[in-house]
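Line order of the protein sequences matches chains H and Y.
One point on numbering: in our numbering, the residue at position 45 of the first sequence is 45, and numbering is uninterrupted.
If you want our numbering, it's the 1-based position in the second sequence plus 1000.
A virtual CB, placed ideally from N, CA and C, is assigned to each residue, including glycine.
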Amino acid sequence: NNSYQLSSVPLQILFYVNGIYYIFYFLVTLAMIVYKSQVFSYPDDFLAPDLALLFIMAILEVLRLYLGSKGNLTEEEAPLGLSLVITVGSVILSVYFLVWQTYVLKADVIINAVLLFTYGLESVLKVIAIAAFVS
Amino acid sequence: MGGPGAAAMAAALGLGAVFFLLLPLRAAEPSVELAASAASPAAPPGIRAAARARTRSRPAPVTDVAKLCVCDLLVAQCDVNCCCDSDCSAADFSLFTTCSVPIVTGDSRLCSQKAAIYSLDVEADPPERIFKLIDQVNPSIFCIHATNYKQALSFSSPEMPASENFDQLLKQFGNPSFSAEPDSWNMNTDAPNPSDANETYRYKYGVPIQTVDAFLRLPSPVVSSWCSDVNPAGFLVNQATKCTRSVSVEKCGNIQAVSMLFYINSSILAVPKSSQMVNITVQSIVVQSLNGMRTLLNGSDVLRLPLILDELCINIVLGVSYHITYTDAGEIIEAAASFVLGAINKEVLSIQQSFEISFTQVNTKPVPLSGNPGYVVGLPIRAGFRPQGSGIIQNTNKYSQLTILQSTSNQDCLAAQGTRTPILFGYNMISGCKLRITADMKCQPLTQTLLDLLKGQSFPEYVASFGNSQAQDVLDWVPITHLHTSEQSSCQIPVSLEIEVKWTKYGSLVNPQARIVNVTATITTTTAKQLPSGRERTIPIISSVVFTDISSPAEPGYKAWPTINAKLPFDFFFPFV
């Protein structure tokens, strides 16, 4: 039965785990930005970009997971490819929160590292799935 | 389709992301202001050079923990128990008992920072100092790993004012308060309101009266007796000055300060910093001739300028008297000047000019005050009569309201009729004369004459308690109490009048005002024995004024004793209550 089903089960599992983890990531990052703004000197010029990028990242993530999941389940490569492109943006944003944020705490480093690892794994699986769909 | 190409590129990017994880993640060093570099005293050179370029004179901050020592206070000397002091030798360390500064660290919120630990090894003989440079790790997961915001972890050094940024710094910090965050973060800047351009100023006491070009000048002697023209007249400050000016007949028309035009030329501003002007009108001109006789001129609206006539220079100003009328809102509405013009001849090298200025409130008759509100020492006491059912009426001459006898040179009471001197507040006075009694003097006329002599023609009944008491406020006036000490005998002649004025300090302790509380006039009489004919006697007649301060001393106020407010707890007697 497996030869007729090209959808990648590990990819789907990873999407599901990614979704749950991202909710956790978003809430934790938002809470830490609030904590930093209270404890450290966090002027508005620096706070606004950080918050804006966090919300953009959330929107991109929802889009990415939806397109990826749909593409994987309907075995179409177009949504999956689009999801892969959006992953690039998410990776850049994650790197921003890892390196270029105003205050990078150790907790930030940890959760962003896990997110990047997840993105990397997802990308590999997406490429494999696209290759399977195309051929 | 570009799918495989795009897929390959995406795969590469994904692998790149994975490689990111494999790289050791380190704190971004150039962005951390606090240098955590090992043993080198220089902070990242970029920051240091920029700081040096901006602050030419301020020394660079020390950020190396190995070199930082807060207990090193004495320069080139060893501080006691300061283990990080570089001026201390090993012999000094052996005498220490403890280290006052055991550890010097950077910001403890960083995940990893350098720390210098100083300790004394007391086991060794002699005791020696141990210095260790370690990396201190903050175990919390909320420690700062990196920061991209330069000012986050250190105090920013303030800008050094230079000619470029002075205006901006003044705008930012020149107010009584300023916010800690830079100006660009706030929406409203607290610049001083320009709205007080609409607020009008008013003259206040002592403020120089402004004219169109500068100030109303009242020439006065400054250091020597020569006139200085830069003395401004103050609002409501009545002044009278006399000074000397050098003149000569040749320069008659050239000296500005002896010409009338100089004193009435510029108009006075009605209100400071406004454009309302009040012209100075000429009220009267008195011409003084060479021998000192003064004549009042009839038409006084003609400007008389100095000119040379028959080797004399006439129409030079010898005296100016300004009269300014003001409203109670502090505006000047009228200004008038009265001149005394004189003439000089060739021998005169300097003249004395006298200047005077007085202020009158509009719609009031100038009632001379002796203080506002309390009496001022040296001003005459105000006194008057009170007819039935009306207010107080006073003599318009303020120096004639309450007077005592004035001693004359010949000291004969009956010859010196009429000269009296005003009683000035705060000045105790005594005066007298000698009375020669002959045998044929009758008692009653003598008594009456002496009473007239002592008390004067119109001895008042009421004395104002404040220097500015109004005539219509009868309760502000104190009645004069008369006391007669006399013995019952045939002929009593008054020999002394003693006026005792009791006054008290009234009002605030900082600025007490003098207030007259009681005035007592005591007449002492003596028996005039009938003299055998041909003999005469001389009796001294004395009148005096004494001012007594009866103000009660200020009472200190003490705070209440502190009370012990101890209460037992509610359930102190637990099992029984």
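Beta strand (DSSP E) segments (min. 3 residues) lying fully within the segment 1488-1534 of chain Y: Within the segment 1488-1534 of chain Y, the complete beta strand (DSSP E) segments of 3 residues or longer fall at 1492-1506 and 1513-1527, listed in chain order.
CB contact below 8 Å: residue 1149 of chain Y versus chain H: The count along the second sequence starts at 1 and reaches residue 1149 of chain Y at position 149. At least one chain H Cβ lies under 8 Å of residue 1149 of chain Y.
Any C-beta of chain Y under 8 Å from that of residue 46 of chain H: The residue given as residue 46 of chain H occupies position 46 in the first sequence. At least one CB of chain Y lies nearer than 8 Å to the CB of residue 46 of chain H.
8 Å contact criterion, which residue 1241 of chain Y and residue 1355 of chain Y should meet: CB distance rounded: Taking the first residue of the second sequence as 1, we reach residue 1241 of chain Y at position 241. Taking the first residue of the second sequence as 1, we reach residue 1355 of chain Y at position 355. Contact holds; Cβ gap of about 5 Å.
Contacting residues, own chain, Cβ-Cβ under 6 Å from residue 116 of chain H (five flanking each side not counted): The residue labelled residue 116 of chain H in the question sits at position 116 within the first sequence. Spatial neighbours of residue 116 of chain H in its own chain (CB-CB distance under 6 Å, excluding positions within 5 residues in sequence) are listed in chain order as 94.
Chain Y contacts made by the segment 93-111 of chain H, where a contact means CB separation under 9 Å: So the close ones are 94, 95, 98, 99, 100, 101, 102, 103, 104, 105, 106, 107, 108, 109 and 110.
Nearest-angstrom beta carbon gap, residue 33 of chain H and residue 51 of chain H [assumed within contact, 8 Å]: Against the first sequence, residue 51 of chain H aligns to sequence position 51. Against the first sequence, residue 33 of chain H aligns to sequence position 33. Their Cβ separation, rounded to whole angstroms, is 6 Å, which keeps residue 51 of chain H and residue 33 of chain H in contact under 8 Å.
Beta-carbon proximity of residue 80 of chain H to residue 129 of chain H, cut-off 8 Å: Residue 80 of chain H sits at position 80 when you count from the first residue of the first sequence. Residue 129 of chain H sits at position 129 when you count from the first residue of the first sequence. Yes, the pair counts as a contact, with Cβ atoms nearer than the cut-off.
Opening and closing residue of the beta strand (DSSP E) in which residue 1174 of chain Y lies: The residue labelled residue 1174 of chain Y in the question sits at position 174 within the second sequence. Premise fails: residue 1174 of chain Y is in no beta strand (DSSP E) and is neither H nor E.
Anticipated Cβ contact below 8 Å, residue 1263 of chain Y with residue 1335 of chain Y, distance rounded: As a working note, residue 1263 of chain Y is residue 263 in the second sequence. As a working note, residue 1335 of chain Y is residue 335 in the second sequence. With a Cβ gap of about 11 Å, residue 1263 of chain Y and residue 1335 of chain Y do not count as contacting.
Three CB pairs or more closer than 8 Å across the segment 1438-1450 of chain Y and the segment 1381-1398 of chain Y: No contact exists between the segment 1438-1450 of chain Y and the segment 1381-1398 of chain Y.
The segment 1130-1161 of chain Y: positions lying closer than 8 Å to chain H by Cβ: Cβ contacts with chain H come from 1140, 1141, 1142, 1143, 1144, 1145, 1146, 1147, 1148, 1149, 1151 and 1152.
Bridge partners - residue 1336 of chain Y, DSSP secondary structure assignment: In the second sequence, residue 1336 of chain Y corresponds to position 336, counting from 1. Looking at the DSSP assignment, residue 1336 of chain Y forms a beta bridge with Y:1281 and Y:1323.
Which of helix, strand or coil DSSP assigns to residue 100 of chain H: By 1-based counting over the first sequence, the position of residue 100 of chain H is 100. Residue 100 of chain H: helix per DSSP, three-state reduction.
Limits of the unbroken beta strand (DSSP E) element including residue 1131 of chain Y: For this step, residue 1131 of chain Y is matched to residue 131 along the second sequence. First-last of the beta strand (DSSP E) with residue 1131 of chain Y: 1128-1137.
Residue 1409 of chain Y versus residue 1431 of chain Y - alpha carbon distance: On the second sequence, position 409 is the one that residue 1409 of chain Y refers to. On the second sequence, position 431 is the one that residue 1431 of chain Y refers to. Straight-line Cα distance between these residues: approximately 12 Å.
CB contact flag (residue 1302 of chain Y, residue 1294 of chain Y, <8 Å): Along the second sequence, one-based indexing puts residue 1302 of chain Y at 302. Along the second sequence, one-based indexing puts residue 1294 of chain Y at 294. Going by beta carbons, residue 1302 of chain Y and residue 1294 of chain Y fall outside the 8 Å limit.
Local conformation of residue 1443 of chain Y per DSSP, three classes: Stepping through the second sequence from its first residue, residue 1443 of chain Y is reached at position 443. In the structure shown, residue 1443 of chain Y sits in a helix (DSSP, three-state: H, G or I).
Within-8 Å CB hit, residue 1082 of chain Y to chain H: For this step, residue 1082 of chain Y is matched to residue 82 along the second sequence. By this cut-off, residue 1082 of chain Y is not an interface position.
C-beta atoms of residue 1434 of chain Y and residue 1497 of chain Y nearer than 8 Å: Position 434 of the second sequence, counted from the start, is the residue given in the question as residue 1434 of chain Y. Position 497 of the second sequence, counted from the start, is the residue given in the question as residue 1497 of chain Y. It is not a contact, given that the beta carbons lie outside the stated cut-off.
Runs of beta strand (DSSP E) lying entirely within the segment 1403-1479 of chain Y, each at least 3 residues, in chain order: The qualifying runs are 1403-1405, 1420-1422, 1429-1438 and 1462-1464.
Closest Cα partner of residue 1443 of chain Y within the set Y:1268, Y:1419, Y:1528 and Y:1384: For this step, residue 1443 of chain Y is matched to residue 443 along the second sequence. The shortest C-alpha to C-alpha distance from residue 1443 of chain Y to any of Y:1268, Y:1419, Y:1528 and Y:1384 is the one to Y:1528.
Interface flag, residue 1111 of chain Y vs chain H, CB-CB below 8 Å: Stepping through the second sequence from its first residue, residue 1111 of chain Y is reached at position 111. Yes, because at least one Cβ of chain H sits closer than 8 Å to the Cβ of residue 1111 of chain Y.
C-beta atoms of residue 1128 of chain Y and residue 1094 of chain Y nearer than 8 Å: For this step, residue 1128 of chain Y is matched to residue 128 along the second sequence. For this step, residue 1094 of chain Y is matched to residue 94 along the second sequence. Yes, the Cβ-Cβ distance between residue 1128 of chain Y and residue 1094 of chain Y is below 8 Å.
Backbone secondary structure at residue 1073 of chain Y - three-state DSSP: For the purposes of this step, residue 1073 of chain Y is identified with residue 73 of the second sequence, where counting begins at 1. Note: residue 1073 of chain Y maps to coil in three-state DSSP.
Residue closest to residue 103 of chain H, alpha-carbon to alpha-carbon, out of H:25, H:13 and H:35: As a working note, residue 103 of chain H is residue 103 in the first sequence. Out of H:25, H:13 and H:35, the CA that lies nearest to the CA of residue 103 of chain H is found in H:35.
Other residues of its chain near residue 18 of chain H: CB distance less than 7 Å, five sequence neighbours each side excluded: Here residue 18 of chain H refers to the residue found at position 18 when the first sequence is read from its first residue. Hits under 7 Å: 65, 118 and 122.
Residues near residue 1321 of chain Y in its chain [Cβ-Cβ closer than 6 Å; skip 5 each side]: On the second sequence, position 321 is the one that residue 1321 of chain Y refers to. The residues are 1338 and 1356.
Element boundaries [beta strand (DSSP E), containing residue 1121 of chain Y]: Here residue 1121 of chain Y refers to the residue found at position 121 when the second sequence is read from its first residue. Judged by DSSP secondary structure, residue 1121 of chain Y falls within the beta strand (DSSP E) whose first and last residues are 1112-1121.
Identified DSSP bridge partners for residue 1385 of chain Y: Here residue 1385 of chain Y corresponds to residue number 385 of the second sequence, with the count starting at 1. In the DSSP assignment, the residues bridged to residue 1385 of chain Y are Y:1393.
Paired residues, beta bridge with residue 990 of chain Y - DSSP: Here chain Y has residues from 1001 to 1577 only, and residue 990 of chain Y is not among them.
Close-in-space but distant-in-sequence residues of the same chain around residue 1133 of chain Y (CB under 7 Å, 5 per side omitted): On the second sequence, position 133 is the one that residue 1133 of chain Y refers to. Excluding sequence neighbours, residue 1133 of chain Y sits near 1066, 1114 and 1116.
Closest by C-alpha distance to residue 1441 of chain Y, when choosing among Y:1118, Y:1473, Y:1521 and Y:1532: Mapped onto the second sequence, residue 1441 of chain Y falls at position 441. Answer by Cα proximity: Y:1532.
Interface flag, residue 1329 of chain Y vs chain B, CB-CB below 8 Å: Structure shown: chain B not included; protein chains present are H and Y.
C-beta atoms of residue 83 of chain H and residue 71 of chain H nearer than 8 Å: Numbered from 1 along the first sequence, position 83 holds the residue referred to as residue 83 of chain H. Numbered from 1 along the first sequence, position 71 holds the residue referred to as residue 71 of chain H. Yes; because the gap between Cβ atoms is below 8 Å, this pair is in contact.
Residue nearest to residue 1469 of chain Y in terms of C-alpha spacing, selected from Y:1564, Y:1207, Y:1516 and Y:1162: Sequence index remark: in the second sequence, residue 1469 of chain Y carries index 469 (1-based). If you compare the alpha carbons of Y:1564, Y:1207, Y:1516 and Y:1162 with that of residue 1469 of chain Y, the shortest gap goes to Y:1516.
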